[in-house]
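Okay, so the sequence shown: first residue is 1 according to the UniProt record's numbering, each after it adds one.
Ideal Cβ positions, reconstructed from N, Cα and C, are used throughout, including at glycine.
Below is one structure; the comments refer to it alone.
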Amino acid sequence: MDWFEPEKEARGCEADYRSILYLGETPLLRIQANGSPTCESMLAAGYGIPEDCREIYSVRAALDKPYAGLADALERVRPVLGLLQPGIYVLSYSDYYPTDGDGHFFWDVPESLTSFKATSEYYDSDKHRVLPCFPCYLYPAQSAQKYDPQQAENYRRRLRAGEALPPVLAYSLWGYMSVLLDGPTAPALVRWRKKQCRP
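Given below as structure tokens:
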């Protein structure tokens with residue numbers, strides 16, 4: 001996965017950055033941001049993850065089985081880590097809500113650039129600083145057509161049996177927003193159960 005920044009457009013004292021997140025040569029989403037952590041960014045769906053993405057499929061299959069803690073999960077996501085550009089990354093285990101942060105179900109997004117509040121951070125005027133935040137909302141990298149009814153029924157059986165859903169794989173963008181990399185089925189069921197999902 002890599003970012004491509006085709007242009008930087010000056011507007012007064014602000015600068016708009018237009019970026020595209022790619023998986024190989026496939027665009028996952030477009031972003032337009034001005035660089036300020038407290039300003040909303042605009043996102044547009046690329047719906048680019050192909051169904052036959054070997055790395056995503058192998059990680060999804062590995063995470064679908066019981067695992068023992070973060071170290072085990074890290075070993076299982078190793079195929080996807082190879083897709084990232086060299087750098088320092090943080091692998092975390094946290095709760096996500098299957099919404100866009102504005103009260104809409106996470107896959108209910110337009111394909112045109114749209115502003116999302118969850119891409120901005122909160123400025124504390126009493127302390128004169130931006131408060132730390134952690135991603136907790138999802139943006140789709142695949143369309144709702146990728147929803148798998150058979151997998152959904154498998155997850156429902158597991159939930160009825162008292163089992164936990166497998167974690168989902170998400171890539172942090174800005175503020176409170178992450179892009180969901182491994183399909184819409186698990187977060188859709190989370191909504192059905194009114195719970196959070198765990199990347």
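Look at the Cβ atom of LEU107, then the Cβ atom of PRO135, and state whether they are nearer than 9 Å.
One point to set straight first is that residue 107 is Trp, not Leu, in the sequence displayed. It is not a contact, given that the beta carbons lie outside the stated cut-off.
Assign SER112 to one of three DSSP states: helix, strand, or coil.
Reduced to three states, the DSSP call for SER112 is coil.
Report all residues from its chain with a CB closer than 7 Å to the CB of SER112; omit the five preceding and five following residues, and keep chain order.
For SER112, where only same-chain residues beyond five positions count, the Cβ hits under 7 Å are ALA44.
According to DSSP, simplified to helix, strand and coil, what is ALA73?
In the structure shown, ALA73 sits in a helix (DSSP, three-state: H, G or I).
LEU131 versus TYR123: straight-line alpha-carbon distance, rounded
Straight across, the Cα-Cα distance linking LEU131 with TYR123 is about 6 Å.
What would DSSP say about ALA33, mapped onto helix, strand or coil?
Strand, per DSSP.
Secondary structure at THR38, three-state DSSP: helix, strand or coil?
Assigned with DSSP and collapsed to three states, THR38 falls in coil, not helix or strand.
Which value, in whole angstroms, describes the spacing of the CA atoms of GLU90 and LEU169?
Here residue 90 is Val; the residue named in the question, Glu, does not match the sequence. Taking the straight line from one Cα to the other gives about 13 Å.
What first and last residue would you give for the beta strand (DSSP E) that runs through ALA170?
170 to 172 is the extent of the beta strand (DSSP E) around ALA170.
Around the C-beta of SER41, are 16 or more other C-beta atoms found within 10 angstroms, so that it is buried, or is it exposed?
Buried, because 16 or more other Cβ atoms sit within 10 Å of the Cβ of SER41.
Within 10 Å of its beta-carbon, does ASP72 have 16 or more other beta-carbons around it, so buried, or fewer, so exposed?
Here ASP72 is exposed: its Cβ has fewer than 16 other Cβ atoms, across all protein chains shown, within 10 Å.
Would you tell me roughly how many angstroms separate the C-alpha atoms of LYS195 and LEU159, rounded to the nearest one?
Unreliable placement is indicated for LYS195, whose pLDDT of 49 sits below 50; no coordinate value is reported for it.
Collapsed DSSP secondary structure at LEU159 in the structure displayed
Three-state result, LEU159: helix.
Between the stretch 77 to 95 and the stretch 146 to 155, do at least 3 Cβ pairs fall closer than 8 Å?
With fewer than three CB-CB distances shorter than 8 Å, the stretch 77 to 95 does not count as touching the stretch 146 to 155.
Got a sec, what are the start and stop residues for the beta strand (DSSP E) PRO140 sits in?
Residues 137 to 140.
Report the rounded CA-to-CA distance for GLU75 versus ALA33, giving the unit in angstroms.
Using only the alpha carbons, I get a separation of about 33 Å.
How many whole angstroms separate the CB atoms of CYS133 and TYR176, which I take to be in contact at a CB cut-off of 8 Å?
A Cβ-Cβ distance of about 6 Å is found for the pair CYS133 and TYR176, placing them in contact under the 8 Å criterion.
Nearest-angstrom beta carbon gap, THR99 and PHE105 [assumed within contact, 8 Å]
Rounded, the Cβ-Cβ distance is 6 Å, consistent with contact.
Pull up the CB-CB distance for TYR137 and GLY101, whole angstroms please, since I reckon it's below 8 Å.
At roughly 4 Å, the Cβ-Cβ gap stays under 8 Å, so TYR137 and GLY101 are in contact.
Return the CA-CA distance between LEU173 and THR119, expressed in angstroms with no decimal places.
C-alpha of LEU173 to C-alpha of THR119: approximately 8 Å in a straight line.
What does the alpha-carbon distance come out to for the pair PRO167 and PHE116?
Spanning the two alpha carbons is a distance of roughly 24 Å.
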